[in-house]
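Heads up, this note's numbering is the position in the sequence shown plus 29, with the first residue counted as 1.
A short worksheet on the structure shown next.
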Amino acid sequence: MLRDVVHGWRALRRTPGFTILTVLTLALGLGATVTMFSAVSASFLKPLPVPDEARVVKIYETSPRNTRIRVALPNALDWSAGTRAFDALGAYLARGPINVANGERADRAALTSVTRPFFAALGVAPIRGRVFEPADAVVGAPPVVVISHQLWQRLYNGRDDVLQQVLLIDGGRVPIVGVMPDGFDFPFGTEVWSPIEREDGWASRTAHNVDVVARLAATATYDSGARDVDALLEAIGRAEPAVAKEDHGISVVPLREDLLGPQSSMILIGLGAVLCVLLVSCVNVANLMLARAVSRETETGIRVALGAGQRAIVRGVLVEGLILAAAGAALGMALAFWSLGLVSRLTPASVTGGEALTVDWRVLALTIAATVISGLVCAALPALRASRVDARDALAAGARSLAASPRRAMNVLVAVEVALAFVLLFGAGLLARSFAGLDRTSPGFRMDDLLLAEISIGFLESSRYQQPERRRDFFMRLETALDEVSAIRSIGLAALPPGGFSSNGGMLVEGRTQPERDIHFRLVGGDYFSVLHIPIRRGRAFTHFDAAEQPQVAVVNEELVRRVFPDVDPIGQRISMNGMDGGTGVATIVGVVGDVRHRGPALPAVPEAYFSYRQRPRRTHSMTLIVDSSLSVADTASLIRDRVRAIDPLLPPEFSTMAERMAVYVEPARYRASLIGSLAGLALALAIVGITGVVSYGVARRRHEIGIRIALGATPGAISRLVVRGGMMPVAIGGLVGTLAALGLARSLSTFLYEVDTADPFTLFAVGAALLLAGAVASYVPARRAARLTPQETLRPSR
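Here you go:
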């Protein structure tokens, strides 16, 4: 074997052109594979920061229209007390960023409110102190929090006496009772946890606000867990018929699957795509090695004549393939390390967990396996060819006649790589068209030159803004302060700005007995509709005269009018949505505005009712300023920060632009199109190289035939057409096979497509035309060379 390695290395050094082209081809395929393996490792192989993660699940309610519905807190508490299939079942509500301080330094941190079994369900214990006890969940008990390891280091420099410290939240002093382990931040990014049972206003069984996480018992399964909780849900319905819902069920989902969401399918599709690219690389190298094996048949014949056995001949070819694969893997690994940073930035955080992609031992193991397999695949046909060499035939004159050449096998390989390239190009085309359509779709509001400033206050009872009236007064003062600045053209406020999800529930129209279902609730203020350029279709928008002491008013969108008031003038109608924010009262509709795709451009507008935060201030824990200013983004942010600090120095705003917020909905589509598109482009380039190589080999093998044709009067144009026609035949066959395969496999992309059919004829035609053109160009280069040959060059006796 060592002699084979030395001999193979020397043989490859004697043909540097072949060796360099082969190594580069394999490096591109293996480098892309390493990069994709890294994403797979980060998503599926990297363990979650919870022990025995296979037993940790998310629990959802289901209905005929929704496969995953969040849970009402009272239901979750009853399930936790009554379940037998789960060792622990906890609920949580991600609140978003809050204002924290240690007395000297102010900061922002994400808050999640949880039930007591939450940490037990995840199987994670604090490294210092404790988690919540029953006394912490009693209404009126002193508030306490558990903090993350990261916040402990950032605000308290890892002090040992952290449990004797207090965390200032909106100016209120909250004792720290525990610190979680390093790396634990569930749900993603959380740094502060507080008890949720202690809060009032969560007693409704129709308010589906919390997520549920649970740990399966040792003898339970996903199905038995779902049946257990479903039985508890039915018992709740029997005890409280008013909240019973027909056809509702339970879905139990592994935690990892829930965290990845639809991106898990995209990663698997990307893995399939990169393996196609690797296969195209192997096919190309197999073609090159097959041509090289034919050119070395005389050498092989001499070795056979000198006593070399068939096994030694085959082993030598396989060793050469492994040497080339190893060199390609080394270069591919270097390319992967170079590209991982870029790919990490393009990959959604749901895939990477917010961390950069790295090459770990799993990726290295998979890369080694891919390298060995690639080397063997590339050398399989050449080894088979070499094993059949007969010494007498190889040494006889004319042994390299056309009949003995492996052109048929090479053409088959070209057809295979063209088919693979067609599949990738078609998928990339569908995703690119989908992204372009998504990017062009107007969400119904202005996105350019708007600055957002998010301010969170009053989440916890200890906050100075725990009373809704104090929160309303703060934002009214801020409105007034900014209205006095001439550089600010207009401002709006929203509890959930565009790009955020809104609450939905029942809306009762005065005079009707049945409420309208799935009506969305939005809380706004200032010149919200004006600053976003949302058109007023009828009536008016909110004004400063719609104060707290005035009768409540509402503005609705056109979709709500179409559904609820198709034949009635909505202006003057009186509606109530008391369950949405715990508020009371009937509001009069005073305006109708245009539809807005708040949930992203891919989803249609929903029926929405807007209310003024001045009249319904309960849900003002987090409000976002939407600012249109003549100043730069930096200057506007500085101005807003100063105005907020003048009112309360402990409330740091968090800034972003409207374009950045809405990019969250477009970036996944861009990522998918970029991923598959780059792999498809690589496969196309490799296919062109393969076609050129096969046609060039065919020209070299047919030099005598071409010389005879020229001597008999064939024109250069006829020779060119002959060569191009021969090169296009496997391209056409591969394109036909690829079309059938692409139409079948495109169904896996259906969930990622926007206004594009999986059998889109335009994409099908464009990809077919592109491949035919690429095949023609690849064939034309050797065809021109063949057309320039002379009979003297081709018919001269070899020496």
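C-beta atoms are modelled at their ideal positions from N, C-alpha and C, and glycine is treated no differently.
- By the neighbour-count criterion, in which 16 or more other beta carbons inside 10 Å mark a residue as buried, threonine 572 falls on the exposed side.
- Here arginine 321 is buried: its Cβ has 16 or more other Cβ atoms, across all protein chains shown, within 10 Å.
- For serine 779, the CB contacts under 6 Å within the same chain, skipping 5 residues up- and downstream, are Thr787 in chain order.
- Judged by DSSP in its simplified three-state form, histidine 549 adopts strand.
- Exclusion of the five residues before and after threonine 617 leaves Val582 and Arg603 as the residues of its chain whose Cβ lies within less than 6 Å of its Cβ.
- Secondary structure in the region 133 to 210: the beta strand (DSSP E) runs of 3 residues or longer, each lying completely within the stretch, are 135 to 143, 174 to 176, 195 to 198 and 201 to 208 in chain order.
- For proline 790, the uninterrupted alpha helix (DSSP H) run begins and ends at 790 to 816, by DSSP.
- Counted as a single uninterrupted DSSP element, the stretch harbouring histidine 573 is not any beta strand (DSSP E), since DSSP gives it neither H nor E.
- Closest in C-alpha terms to leucine 449, from the list Thr768, Pro270 and Gly132, comes Thr768.
- Between leucine 386 and alanine 68, the beta carbon gap of about 6 Å places them in contact (Cβ cut-off 8 Å).
- Taken in chain order, the complete beta strand (DSSP E) segments of 3 residues or longer contained in the region 600 to 676 are 603 to 605, 616 to 622, 637 to 641 and 651 to 658.
- Counting along the chain, the unbroken alpha helix (DSSP H) around proline 745 starts and ends at 745 to 774.
- Nearest to aspartate 657 by alpha-carbon distance, out of Ala268, Asp556, Asp252 and Pro80, is Asp556.
- Contact between asparagine 104 and isoleucine 265 holds, since their C-beta atoms are separated by about 6 Å, short of 8 Å.
- In this model, isoleucine 176 and isoleucine 676 are separated by some 28 Å (Cα to Cα).
- Within the model, the alpha-carbon separation for histidine 650 versus glycine 614 is close to 21 Å.
- One Cα belongs to glycine 158, the other to phenylalanine 217, and the distance between them is close to 22 Å.
- Judged by beta-carbon spacing, proline 76 lies beyond the 8 Å limit of valine 153, meaning their Cβ atoms are not closer than that value.
- Annotated three-state conformation of valine 79 is coil, per DSSP.
- Around the beta-carbon of arginine 124, 16 or more other beta-carbon atoms lie within 10 Å, marking it buried.
- Assigned with DSSP and collapsed to three states, valine 590 falls in helix.
- Assignment of isoleucine 563 by DSSP, reduced to helix, strand and coil, places it in the coil class.
- Residues Cys311 of the same chain have their beta carbon placed closer than 6 Å to that of valine 406, with the five preceding and five following residues left out of the count.
- In the DSSP assignment, glycine 119 falls outside any alpha helix (DSSP H) and within the unbroken beta strand (DSSP E) covering 115 to 130.
- Nearest in C-alpha terms to alanine 412, of all of Val343, Leu351 and Asp468, is Val343.
- In chain order, Ala114 place their CB closer than 6 Å to the CB of serine 253, counting only its own chain and leaving out the 5 sequence neighbours on each side.
- Taking 8 Å as the cut-off, the beta carbon of glycine 200 is found closer than this to the beta carbon of serine 492.
- In this structure, the CA atom of glutamate 696 is about 23 Å from the CA atom of alanine 139.
- For leucine 59, the enclosing alpha helix (DSSP H) starts and ends at 45 to 69.
- For the pair phenylalanine 474 and leucine 552, the CB atoms are not nearer than the 8 Å cut-off.
- Considering only Ala709, Val796 and Tyr783, the residue with the shortest C-alpha distance to glycine 301 is Ala709.
- If you ignore the 5 residues before and after leucine 467, its C-beta comes within less than 7 Å of the C-beta of Pro630, Ala631, Val695, Ala698 and Tyr783, all in its own chain and listed in chain order.
- For the region 272 to 317, the continuous alpha helix (DSSP H) assignments of 4+ residues that do not extend past its boundaries occur at 284 to 289, in sequence order.
- Judged by DSSP in its simplified three-state form, asparagine 95 adopts coil rather than helix or strand.
- By a beta-carbon distance limit of 8 Å, alanine 805 contacts methionine 757. Their separation comes to about 7 Å.
- Note: asparagine 533 is bridge-paired with His549 in the DSSP secondary-structure output.
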